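In the numbering used here, the protein residues as written are 539 to 631.
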């Protein structure tokens with residue numbers, strides 16, 4: 539199954555809204571198992587789009603948390619610490 543450019547863009551859009559893969563499949567009328575296979579191929583354009591949409595949303599959330607931490611939110615400060623630990627852990631891979 540080949541995905542069209544508009545379908546790949548929709549996958550990115552849905553991923554950026556933190557939509558689970560199972561829901562993306564239902565919303566787009568795509569076989570869930572096949573979509574999972576496609577997304578597991580890290581070089582496939584749909585996988586890249588999915589991961590980019592998800593990463594862009596995560597970046598936005600981290601930016602918001604940084605702003606809240608700078609404004610003095612204790613919870614945001616804690617989250618920033620976990621983001622830093624995640625970064626350090628990811629660098630070791």
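All C-beta atoms, glycine included, are put in the ideal place defined by N, C-alpha and C. Keep in mind the model is a prediction, meaning the values are calculated, not measured.
DSSP places residue 607 in the uninterrupted alpha helix (DSSP H) bounded by 583 to 608. In this structure residue 594 touches residue 554 by the C-beta definition: roughly 6 Å separates them, less than 8 Å. Exclusion of the five residues before and after residue 566 leaves 545, 548 as the residues of its chain whose Cβ lies within less than 7 Å of its Cβ.
Within a 10 Å sphere around the beta-carbon of residue 609 sit fewer than 16 other beta-carbons, which makes this residue exposed. Taking a cut-off of 8 Å on C-beta distances, the stretch 597 to 611 does not touch the stretch 560 to 576, as fewer than three cross pairs fall below it.
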